[in-house]
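Chemist:
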Amino acid sequence: MVVYTIGHSTRSLEEFLAALKAHGIGRLVDIRRFPSSRRHPHFGADVLASALAREGIEYLHLPELGGRRRPSRGPSPNLGWRSPGFRAYADHMLTPEFASAAQRLLDLAREQPTAIMCAEAAYVRCHRLLVADYLTARGIEVRHIVDARRWQLHRLTPFARVEGSRVTYPALL
Numbered sequence: 278m279v280v281y282t283i284g285h286s287t288r289s290l291e292e293f294l295a296a297l298k299a300h301g302i303g304r305l306v307d308i309r310r311f312p313s314s315r316r317h318p319h320f321g322a323d324v325l326a327s328a329l330a331r332e333g334i335e336y337l338h339l340p341e342l343g344g345r346r347r348p349s350r351g352p353s354p355n356l357g358w359r360s361p362g363f364r365a366y367a368d369h370m371l372t373p374e375f376a377s378a379a380q381r382l383l384d385l386a387r388e389q390p391t392a393i394m395c396a397e398a399a400y401v402r403c404h405r406l407l408v409a410d411y412l413t414a415r416g417i418e419v420r421h422i423v424d425a426r427r428w429q430l431h432r433l434t435p436f437a438r439v440e441g442s443r444v445t446y447p448a449l450l
């Protein structure tokens, strides 16, 4: 099984749809916590869902996988992340809410070619990186869509540690 990721960034709707179609995507799972864009209104949930439907691509919003998380209370096992936002998301990945949503994503991806989407173009600056680590740790191939012609294979973040079903990012000594 393969799961794709894509960031809408400043792409035109036409360019975005062309990239999805070129990679054979049948379902787009929106993992933005808040599925709207003031700068790019064509990536608001309603407009995007309609445009995708016209192209035969299903749209689903899965906010449980969304970013912009608050830091967890208590000590974090994810001090390897300097970014507070990435650390907070890595902590979120250890919750039952995340596990349930990630399982739903996997179930959906087994049905048809699926891409997860957020706003940031570069996956290395987006929580898609952490979701991709989670999937990769489970043996799922993750491909980051660059454009209609190219994708990049995900590699587990070098300082990630996988223990059973947990992915953590401990501080490096």
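The sequence shown begins at 278 in this note's numbering and counts up one residue at a time.
Note that beta-carbon positions come from the ideal geometry of N, C-alpha and C, so glycine has one too.
Under the rule that 16 or more other beta-carbon atoms within 10 Å means buried, what is P452, buried or exposed?
Modeler: Here the chain comprises residues numbered 278 to 450, so residue 452 is not present and cannot be evaluated.
Chemist: Could you please give the first and the last residue of the uninterrupted beta strand (DSSP E) stretch that includes D307?
Modeler: Here the beta strand (DSSP E) through D307 covers 304 to 307.
Chemist: Go ahead and pull the three-state DSSP assignment for R338.
Modeler: One point to set straight first is that residue 338 is His, not Arg, in the sequence displayed. DSSP places H338 in strand when its eight states are reduced to three.
Chemist: For E418, which three-state DSSP category applies?
Modeler: Strand.
Chemist: Over what stretch of residues does the beta strand (DSSP E) that includes A399 continue unbroken?
Modeler: Note, A399: premise wrong, no beta strand (DSSP E); not H, not E.
Chemist: Let's see if you can read the secondary structure: which residues bound the alpha helix (DSSP H) around L329?
Modeler: Taken as a continuous stretch (DSSP letters only), the alpha helix (DSSP H) holding L329 covers 322 to 331.
Chemist: Any idea which residues DSSP pairs E440 with across the strands?
Modeler: Answer is R443, bridged to E440.
Chemist: Between which two residues does the alpha helix (DSSP H) containing Q380 stretch?
Modeler: First-last of the alpha helix (DSSP H) with Q380: 373 to 388.
Chemist: How about L339 and A365: do their beta carbons lie closer than 8 Å?
Modeler: Taking 8 Å as the Cβ cut-off, L339 and A365 do not qualify as a contacting pair.
Chemist: Give the single residue among L297, E291, A367, H319 whose Cα lies nearest to the Cα of R443.
Modeler: If we check each option's Cα against that of R443, A367 comes out closest.
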